[in-house]
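Novice: Residues in the sequence shown are numbered from 607 upward in steps of one, following our numbering.
Ideal Cβ positions, reconstructed from N, Cα and C, are used throughout, including at glycine.
Shown below is the structure under consideration.
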Amino acid sequence: MNLREVDLNLLIVLDALLIEAHVSRAAERVGLSQPATSNALERCRTLFDDRLLERGAGGMRLTPKALALREPLKQALSAIGAVINVPNVQFESITQNIRVLMSDYPAICIIQQLQKRLAESAPLVSLVIEPWRGVASAQDDLERGHVDLAVSTFPLLELPFQRKELQREHYVIVMNRHHPAAMDFNLSNWLAYPHILISDHGEMRDTIDDSLALQGLSRRVGIVVPSISIASSLLVDSELVAILPSRCLSALSLHDFVHFELPITYPDMGVQIVKHARRDHDLVVQHVAQLIEEIMI
607 MNLREVDLNL LIVLDALLIE AHVSRAAERV GLSQPATSNA LERCRTLFDD RLLERGAGGM
667 RLTPKALALR EPLKQALSAI GAVINVPNVQ FESITQNIRV LMSDYPAICI IQQLQKRLAE
727 SAPLVSLVIE PWRGVASAQD DLERGHVDLA VSTFPLLELP FQRKELQREH YVIVMNRHHP
787 AAMDFNLSNW LAYPHILISD HGEMRDTIDD SLALQGLSRR VGIVVPSISI ASSLLVDSEL
847 VAILPSRCLS ALSLHDFVHF ELPITYPDMG VQIVKHARRD HDLVVQHVAQ LIEEIMI
């Protein structure tokens, strides 16, 4: 279905039909004649390839597809209304604290720009960056209202959580430019030296190890650290190697380092921003979320 071919007015009529399950009452609800509403119903049936309303005992009833459409349609129309009716807010006069839960990456890459842009657009709004403690903890903090936004790698989430992908990132191998493996980089040389593993909870293994195991390979983890910044400092004048998101290289000013593409198949990383539906009407939260999106996309 091409979105450009969809008439928004048709969806408004469909919303009334799904609420009332009655053509005449739906016509009254949206201020149309009964024939016009019947015509809209026929167009909706064509659009969704479903009867939507069917005659049953005691009157019209919604088809299973119509029942499934009811809540998403209501949310979509509400979101469109919010876009059209956004008030002219003077952010520079609002005082508020916004708590953002953020993993090490992307915090390293965006925090400086985020603070600068927020200071310009909403100088009385204070940012509180909360440490990352895993997906389950992040969902709990959002649910309880302890944080306003979370930015990291999230799985698909169900309502009331709202998740939006900001970017796809790929990993690279980083080492200091005088590292022995840098002279003739290949898979064997990479695996011959101790690796830095970045872990929030101190695990000695991650998905890289799983990918290596599928090829009958393994690596030696020399040290486990909780953050990318610590990992980058350990690379200085050492034979350690690290796997880092590519955008971190410029953010960390790794001028004395070299990087190489991974010599094994490994998926890109998605970075998403997540909030709870209860924050939909908090314009300052929406403003901070928009700034994050603009910086990362």
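(1) Does DSSP classify Q696 as helix, strand or coil?
(2) Suppose the cutoff is 8 Å on Cβ atoms and the five residues either side in sequence are ignored; what does the same chain contact list for V734 look like?
(3) Are the CB atoms of D843 and E775 nearer to each other than 8 Å?
(4) Going straight from the alpha carbon of L803 to that of Q719, what length do you get?
(5) Please specify which runs of the alpha helix (DSSP H), each continuous and at least 4 residues long, are wholly inside the stretch 658-745, giving them in chain order.
(6) Do V880 and A742 have their C-beta atoms within less than 8 Å of each other?
(7) Residue ranges of each alpha helix (DSSP H) run of no fewer than 4 residues wholly in the stretch 777-854, ordered along the chain?
(8) If you scan the stretch 874-898 from start to end, which runs of the beta strand (DSSP E) of 3 or more residues do you find wholly inside it?
(9) Would you say the stretch 745-753 touches the stretch 825-835, given that touching needs at least three Cβ pairs under 8 Å?
(10) What three-state label does DSSP hand L647 in the structure shown?
(11) Identify, in the order they occur along the chain, each residue of the same chain with its Cβ nearer than 7 Å to the Cβ of N792, setting aside the five sequence neighbours on each side.
(12) With L765 as the anchor, note down where its alpha helix (DSSP H) starts and where it stops.
(13) My output table needs one value for S639: the three-state DSSP class, helix, strand or coil.
(14) Where do the N-terminal and C-terminal ends of the beta strand (DSSP E) with A627 fall, by residue?
(15) Go to V757, then tell me how far its beta strand (DSSP E) extends in each direction, as first and last residue.
(16) Where does the unbroken beta strand (DSSP E) through H865 begin, and where does it stop?
(17) With H, G and I counted as helix, E and B as strand and the rest as coil, what does DSSP make of L772?
(18) For I836, is the classification buried or exposed, using 16 other Cβ atoms within 10 angstroms of its Cβ as the cut-off for buried?
(19) For V695, count the other beta carbons within 10 Å of its own beta carbon; 16 or more makes it buried, fewer makes it exposed. Which is it?
(20) Just checking my contact of A728 with V890 at CB under 8 Å: how many whole Å lie between their CB atoms?
(21) Below 8 Å between beta carbons: does that hold for P678 and M902?
(22) Here's a check: name, in chain order, each residue in its chain whose Cβ is nearer than 7 Å to the Cβ of L841, leaving out the five neighbours to either side.
(23) Can you tell me the Cα-Cα spacing of S758 and R739, whole angstroms?
(24) Quick one: measure Cβ to Cβ for L659 and A672, integer angstroms, because I've assumed they're closer than 8 Å.
(25) Rank Q640, V689, V612, L820 by C-alpha distance to the C-alpha of A653 and give the top, closest one.
(26) Pop quiz: A883 and Q768 are said to be a contact at Cβ under 8 Å. What is the actual Cβ separation, rounded to whole angstroms?
(27) Pop quiz: D621 and L683 are said to be a contact at Cβ under 8 Å. What is the actual Cβ separation, rounded to whole angstroms?
(28) Compare the Cα-Cα distances from A674 to each of G662, F697, L624, Q745 and report the closest residue.
(29) Counting C-beta neighbours from all protein chains within 10 Å, is the total for M708 16 or more, i.e. buried, or is it exposed?
Specialist: With the structure as the only source:
(1) For this step, residue 696 is matched to residue 90 along the sequence shown. Q696 falls in the coil class under three-state DSSP.
(2) For the purposes of this step, residue 734 is identified with residue 128 of the sequence shown, where counting begins at 1. For V734, the CB contacts under 8 Å within the same chain, skipping 5 residues up- and downstream, are N703, I704, R705, V706 in chain order.
(3) In the sequence shown, the residue the question calls residue 843 occupies position 237. In the sequence shown, the residue the question calls residue 775 occupies position 169. Going by C-beta atoms, D843 is not nearer than 8 Å to E775.
(4) As a first step, residue 803 is located in the sequence shown; it is residue number 197 there, counting from the start. As a first step, residue 719 is located in the sequence shown; it is residue number 113 there, counting from the start. Just so you know, the alpha carbons of L803 and Q719 end up roughly 27 Å apart.
(5) 670-690, 710-727
(6) In the sequence shown, residue 880 corresponds to position 274, counting from 1. In the sequence shown, residue 742 corresponds to position 136, counting from 1. Cβ atoms of V880 and A742: not closer than 8 Å.
(7) 786-789, 793-797, 813-820, 834-840
(8) 875-882
(9) Too few Cβ pairs lie closer than 8 Å, so no.
(10) Numbered from 1 along the sequence shown, position 41 holds the residue referred to as residue 647. If DSSP states are grouped into helix, strand and coil, L647 belongs with the helices.
(11) For the purposes of this step, residue 792 is identified with residue 186 of the sequence shown, where counting begins at 1. Closer than 7 Å at the Cβ level, and outside the excluded window around N792, lie P869.
(12) If you number the sequence shown from 1, residue 765 lands on position 159. That residue, L765, is in no alpha helix (DSSP H); it is neither H nor E in DSSP.
(13) As a working note, residue 639 is residue 33 in the sequence shown. Coil at S639, not helix or strand.
(14) In the sequence shown, the residue the question calls residue 627 occupies position 21. No beta strand (DSSP E) holds A627; DSSP gives it neither H nor E.
(15) Numbered from 1 along the sequence shown, position 151 holds the residue referred to as residue 757. It spans 755-758 - the beta strand (DSSP E) in which V757 sits, taken as one unbroken run.
(16) The residue labelled residue 865 in the question sits at position 259 within the sequence shown. From DSSP, the beta strand (DSSP E) with H865 extends over 863-867.
(17) For this step, residue 772 is matched to residue 166 along the sequence shown. If DSSP states are grouped into helix, strand and coil, L772 belongs with the strands.
(18) Walking along the sequence shown from the start, residue 836 turns up at place 230. The residue is exposed, with fewer than 16 neighbouring Cβ atoms inside 10 Å.
(19) As a first step, residue 695 is located in the sequence shown; it is residue number 89 there, counting from the start. Its Cβ having fewer than 16 others within 10 Å, V695 is exposed.
(20) Here residue 728 refers to the residue found at position 122 of the sequence shown. Here residue 890 refers to the residue found at position 284 of the sequence shown. Confirmed, about 7 Å.
(21) Reading the sequence shown from its first residue, position 72 is the one you call residue 678. Reading the sequence shown from its first residue, position 296 is the one you call residue 902. No, these two residues do not count as a Cβ contact at 8 Å.
(22) Within the sequence shown, residue 841 is the residue found at index 235, counting from 1. So the qualifying residues of the chain are V780, M781, N782, A848, F863.
(23) Here the question's residue 758 lines up with position 152 in the sequence shown. Here the question's residue 739 lines up with position 133 in the sequence shown. Across the structure, S758 and R739 are spaced so that their CA atoms are roughly 11 Å apart.
(24) Counting from one through the sequence shown, the residue named residue 659 turns up at place 53. Counting from one through the sequence shown, the residue named residue 672 turns up at place 66. The Cβ separation is near 7 Å, so the contact holds.
(25) Here residue 653 refers to the residue found at position 47 when the sequence shown is read from its first residue. In the sequence as displayed, the identity of residue 653 is Leu instead of Ala. Selected option, being the one with the closest Cα: V612.
(26) Translated into positions along the sequence shown, residue 883 becomes position 277. Translated into positions along the sequence shown, residue 768 becomes position 162. Correct: roughly 6 Å between the Cβ atoms.
(27) If you number the sequence shown from 1, residue 621 lands on position 15. If you number the sequence shown from 1, residue 683 lands on position 77. Confirmed, Cβ separation roughly 6 Å.
(28) Residue mapping note: residue 674 aligns to position 68 of the sequence shown, counting from 1. That would be L624, whose Cα lies nearest to the Cα of A674.
(29) One-based indexing of the sequence shown puts residue 708 at position 102. It is buried - the Cβ of M708 has at least 16 other Cβ atoms within 10 Å.
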